[in-house]
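Chains as they are written, first to last, in our numbering: chain A, 1096 to 1314; chain B, 812 to 1426. Virtual Cβ for every residue (Gly too), placed ideally from N, Cα, C.
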Amino acid sequence: VTRGALVLAPALVALSFAGPARAHDPFEITALARLGASELVLEVTMARGTALRLATGRTGPRETFAPKAFPEHHAKLLALAPSLYAITSDGAALPLRARSVALTEEGDVLSVLASAESPGERVRFRASHLGVLPEGYTSALSVATSAEKPTYYKLLVATDPELEVEHEGSPGLARAARRVFDDYAPLILLLGALVGGRIVERVTRREPGATRRVVQAGE
Amino acid sequence: MAGGAGAGAFAGSGTAGFGGSGAGSGGTGGGAAGACGGGNPSGRIMECLDRGVVAPKSGTGNFVSFRLFGTDPPDITFRLYRQNGSAAPVMVCSRAANQGTSCLDANPGSGATYFVRAVTGGVEGAPSPAVPALAQDYVRIPLAAAASGAYVHLAWTGDLDGDGSFDIVVDRISSAAPLVEGYSARTGARLWRLDTGPLGVNQDNIEGGAATISNGHWDGVTVFDFDADGDAEVAVKTANGFVFGDGTTLRHANDQDQFVSIVNGRTGAEITRAPLPNDYLSDGPLQCHFGAGYLDGVRPNVIVKCKNRVGSGAFNLVAAAYDFSGTALTRRWKFTRSNNNGGADYHQIRILDVDGDGKDEVADGGYVIDDDGTLLYALGSGVIHGDRFHITDMDPARPGLEGFGIQQDNPNGLETYYYDARTGQILRSYSNPNGAGADMGRGTVADLFPDQPGFEYWSFNGMYAAGSGALVVAEENENVPWPNFLMQWDGDTGGELLDNNRVGDWNLTARSRNTYSWRRTFDGLVQARGAIPFYGDILGDWREEALLETADHAELRIYTTTYETDVRLYTLAHNPAYRNSLTVHGYKQSHLVDYFLGHGMAAPPAPRIRLAARP
């Protein structure tokens, strides 16, 4: 490798709100979750050394692998992927299955996971990999709940590894009903009171008459 | 004899901003020695700050701290006063020339405001602006509503309204076009908002839009008093569709063209603009680091370093410097990295005088651009790209400044190096003996050990003493402290470590990574790489403040120390290298002075500065 090529090939770092960064420093993981009506898809991107550390427990910055050695590690990384994040949907575990693990154009490890079930109204993400890595690693999580663009973002750290979001696209009827109630609670209560009052009023007014009519009919 | 200072603008201490009035109106207050226009007549022109009095709550009392100017005479003393309502001011403490510029007011009473008067030649000067005591140890600045989930990634500081205090500029990042907002630190009021427009929406960290800011490790914004008139301006990367604070939209026929716009710090209106270099226009928009420096040693310049990418391969790099006259922005020089003109670039630049000629250079990790835009040197010894580098006086026994840098996957095995910042000569290098070098990712410098000469520098291959080269802590079982940021907080001259939202001292005896004595845990959001949006010396004495955004995105908090100290140092913001460093934020790294600030230090030399005159 020529020196000229080396100086012109720095790996860029960092995160974008719009999705996982395209190149990673060894201590920063990025993730993008898309919550659809039928599934949750999660893409987690990290440096090769970080992935190897999570998969094998090997420590130290020199523990990494060359891109061409990726096939040797593929099975380990595929097995690792579902444990990167722990996700709950309305309080119940929402298991993820690995769809693929591959190297990105920048040589980072991209794990794509998906849920078998629909995500519910409240989805909580826990970056469980931060509990395995030593303090200093961070995980930048962006979540898109309805449109293509993320509406939630948080930099997760070991001492604060969770983000809970409201799933606007959840198809649950209960959710819709609750939203209607939440948004129009005063009006609904007022209408309820009015309608209830009228019913009570009519019932109490009709009771004697109805009785009379029945009596009259019986007569 | 103390006269009454003006009442604080915000008597309620829990309200926004740090309050205060212009008792020393039109000047710095607190003593003629530091008055606007004062200092070295041929020195670099810096903003004319006031004494920066701040009074955070400390226990049942108030810890009151104030600023020593770089232009103050060595024998200057101070008297700190408290005023409760309309009662006559009472002196809380006096500070002799061998004492710090702070004191604890153990019995403040209610409704206390504070001001300070400098004493030179036995004569008490004018009072500084009076500020109310804070209800906590931080200043609160409410954030205006922005897009859902919008967060503050970066913040900058400068005296936007010319009142002698540092104000705050922040970005607001969401899936919409990034915003830039200016806030008065004194009142907490939002002054203006910039909208990067449709060409700011693409926030890709490598190939973002023409007007995108704060994407990846880029910033594209900086704040400084570029025309040296006492009011700070904002320099920002712009393109077609960018909306300024007065509602004016930049209209330009070609969406590819990019500009450096100078924005009025008071109003947010554009004053003028100049093109960014377009040498690599066909490869897409440039993403940039912005900063300030003094290329002629007297007047400040806008500095930009930008890159874009050729397809998915190599990167183009261009740097440029601009002069701002107050009405016009003119390019002074342009530097392109081509034909082996330059070396490896890193994720940040440092703008400081590395060769001691009084004029600033633009230092990248692997090379330095001289004040005239030519290459001063490129590092040899096989240095390639790394993420971080640091330059300060790490070894006081050695003339000049020293640098420390880290490497990323160097095939020759090099992992870290220590060098002469004047010449680029590698003084020590550290390699993997068993093959290619690692992607070190983090590395920093600080003076942690009092018994080691000078600073220590470290990454994940060990901690070394700058003065002797001795191995101080071997990297076994990941035991060196996490190498993120150096911060000054607790009042000794040794360094504290800032990581995520905590600052503290590493346990020098345990020598285990996560053994710290945390001095303060800040409440707020942490951003990429364990960095907070801003930290630096902007209030009170020479210690550094930490700015974070609250988790609900509702307000900024500027935390300030309550640790007492008798160490007296002029404000770090009057140190040329440090002040420039506060202007560069994309991939945040430690802010460093250009003298040895560490255990057993000598008094630093007076900075060669003068304070801007005010009309």
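**Prompt:** Run through DSSP, which three-state label would A:Arg1192 get?
**Reply:** Residue state for A:Arg1192 is assigned as strand, using DSSP reduced to three classes.
**Request:** Please list the segments of the beta strand (DSSP E) lying wholly inside the segment 1196-1235 of chain A, counting only runs of 3 or more residues, in order along the chain.
**Result:** 1204-1210 and 1217-1221
**Message:** Using beta carbons (cut-off 8 angstroms, strictly below), is B:Ala898 in contact with chain A?
**Reply:** no
**Contact with chain A by B:Val1337, beta-carbon distance below 8 angstroms** = yes
**Item:** Residue-chain proximity (A:Pro1162, chain B), Cβ-Cβ < 8 angstroms
**Value:** no
**Bounding residues of the alpha helix (DSSP H) (the contiguous stretch that carries B:Tyr1275)** = In the DSSP assignment, B:Tyr1275 falls outside any alpha helix (DSSP H) and within the unbroken beta strand (DSSP E) covering Gly1273 to Ala1276.
**Segments assigned beta strand (DSSP E), at least 3 residues, entirely inside the segment 907-988 of chain B** = 913-916, 923-931, 934-938, 949-953, 966-969 and 978-983
**Request:** Go through its chain and collect everything with a Cβ distance to B:His1158's Cβ below 6 angstroms, but skip five positions before and after it.
**Result:** His1028, Asp1198 and Tyr1398
**Message:** Please confirm whether B:Met1298 has its beta-carbon closer than 8 angstroms to some beta-carbon of chain A.
**Reply:** no
**Where the alpha helix (DSSP H) containing A:Lys1171 begins and where it ends** = Segment Phe1165 to Leu1175, the alpha helix (DSSP H) holding A:Lys1171.
**Asked** Around the C-beta of B:Met857, are 16 or more other C-beta atoms found within 10 angstroms, so that it is buried, or is it exposed?
**Response** Of the residues assessed, B:Met857 falls on the buried side of the cut-off, its CB having 16 or more other CB atoms within 10 angstroms.
**Prompt:** Which class does B:Asp1310 belong to by DSSP, given the choice of helix, strand or coil?
**Reply:** Correct three-state label for B:Asp1310: strand.
**Prompt:** For A:Ala1121, which residues of its own chain have a beta-carbon under 7 angstroms away from its beta-carbon, when the five flanking residues on both sides are left out?
**Reply:** For the record, residue 1121 of chain A in the displayed sequence is Pro; it is not Ala. So the list reads Ala1142, Gly1144, Thr1145 and Pro1156, once near-sequence residues are dropped.
**Spatial distance of B:Leu990 from A:Leu1236 (CA atoms)** = 21 angstroms
**Request:** Would you give the residue range spanned by the beta strand (DSSP E) that B:Asn1391 belongs to?
**Result:** Per DSSP, B:Asn1391 belongs to no beta strand (DSSP E); it is in the alpha helix (DSSP H), Pro1387 to Ser1392.
**Prompt:** Do A:Ser1210 and A:Leu1191 come within 8 angstroms of each other at the CB atom, strictly closer than that value?
**Reply:** yes
**Asked** How would you label B:Ala834, buried or exposed, when you count the other beta carbons within 10 angstroms and need 16 or more for buried?
**Response** Bear in mind that a pLDDT of 43 at B:Ala834, under 50, signals an unreliable position, so the model cannot answer this.
**Request:** Might you give, ordered along the chain, the residues of its own chain that have their beta carbon closer than 6 angstroms to the beta carbon of B:Leu1140, omitting 5 neighbours on each side?
**Result:** So the list reads Ile1073, Thr1083, Ala1085 and Tyr1133, once near-sequence residues are dropped.
**Request:** Classify B:Gln1338 as buried or exposed, calling it buried when 16 or more other Cβ atoms lie within 10 Å of its own Cβ.
**Result:** buried
**Prompt:** Apart from the five residues on each side of it in sequence, which residues of its chain come closer than 6 angstroms, Cβ to Cβ, to B:Val1121?
**Reply:** Spatial neighbours of B:Val1121 in its own chain (CB-CB distance under 6 angstroms, excluding positions within 5 residues in sequence) are listed in chain order as Asp1094.
**Prompt:** Which residues, in chain order, does the segment 1118-1129 of chain A contribute to contact with chain B at a C-beta distance below 8 angstroms?
**Reply:** Taking 8 angstroms as the Cβ-Cβ cut-off against chain B, the residues of the segment 1118-1129 of chain A that qualify are Ala1118, Asp1120, Pro1121, Phe1122 and Glu1123.
**Message:** Tell me which residues of the segment 934-967 of chain B have at least one Cβ-Cβ distance to chain A shorter than 7 angstroms, keeping chain order.
**Reply:** Ser959, Gly960 and Tyr962
**Item:** Contacts that A:Tyr1180 makes with chain B (C-beta to C-beta distance below 8 angstroms)
**Value:** Per Cβ cutoff of 8 angstroms: no residues; A:Tyr1180 is ~19 angstroms from chain B at best.
**Request:** Measuring alpha carbon to alpha carbon, tell me which of B:Asn1290, B:Val981, B:Ala1174 and B:Trp1144 ends up nearest B:Leu1005.
**Result:** B:Val981
**Interface positions of the segment 1278-1297 of chain B facing chain A (Cβ-Cβ less than 7 angstroms), listed along the chain** = Glu1289 and Trp1293
**Item:** For B:Thr1332 and A:His1169, the rounded distance between their alpha carbons
**Value:** 40 angstroms
**Asked** CB-CB under 6 angstroms to B:Phe1215, same chain, minus the five flanking residues each way: which ones, in chain order?
**Response** His1201, Tyr1229, Val1256 and Tyr1268
**Request:** Tell me whether A:Thr1145 sits in a helix, a strand or coil according to DSSP, three-state version.
**Result:** helix
**Buried or exposed by the 16-neighbour rule on C-beta atoms within 10 Å, applied to B:Gly924** = Note on residue identity: the sequence assigns Thr, not Gly, to residue 924 of chain B. When all chains shown are included, B:Thr924 counts as buried.
**Message:** Short of 6 angstroms in beta carbon distance, which residues of its chain neighbour B:Thr1361, apart from the five on each side in sequence? Order them along the chain.
**Reply:** Gly1335
**Residue-chain proximity (B:Arg1324, chain A), Cβ-Cβ < 8 angstroms** = yes
**Message:** Please report whether the beta-carbon of B:Ser986 lies at a distance below 8 angstroms from any beta-carbon of chain A.
**Reply:** Cβ-Cβ to chain A under 8 angstroms: yes for B:Ser986.
**Message:** Quick check on the burial criterion: 16 or more other C-beta atoms within 10 angstroms. Buried or exposed for B:Met902?
**Reply:** exposed
**Request:** Give the straight-line distance between the Cα atoms of B:Pro1294 and B:Thr1371, rounded to the nearest whole angstrom.
**Result:** 23 angstroms
**Request:** Please work out which residues of its chain come closer than 8 angstroms, Cβ to Cβ, to B:Ile1420, disregarding the five sequence neighbours upstream and downstream, and give them in chain order.
**Result:** Gly850, Asn851, Gly854, Arg855, Ile856, Met857, Gly881, Thr882, His1385 and Pro1387
**Item:** According to DSSP, residues forming a beta bridge with B:Asp1316
**Value:** B:Ser1328
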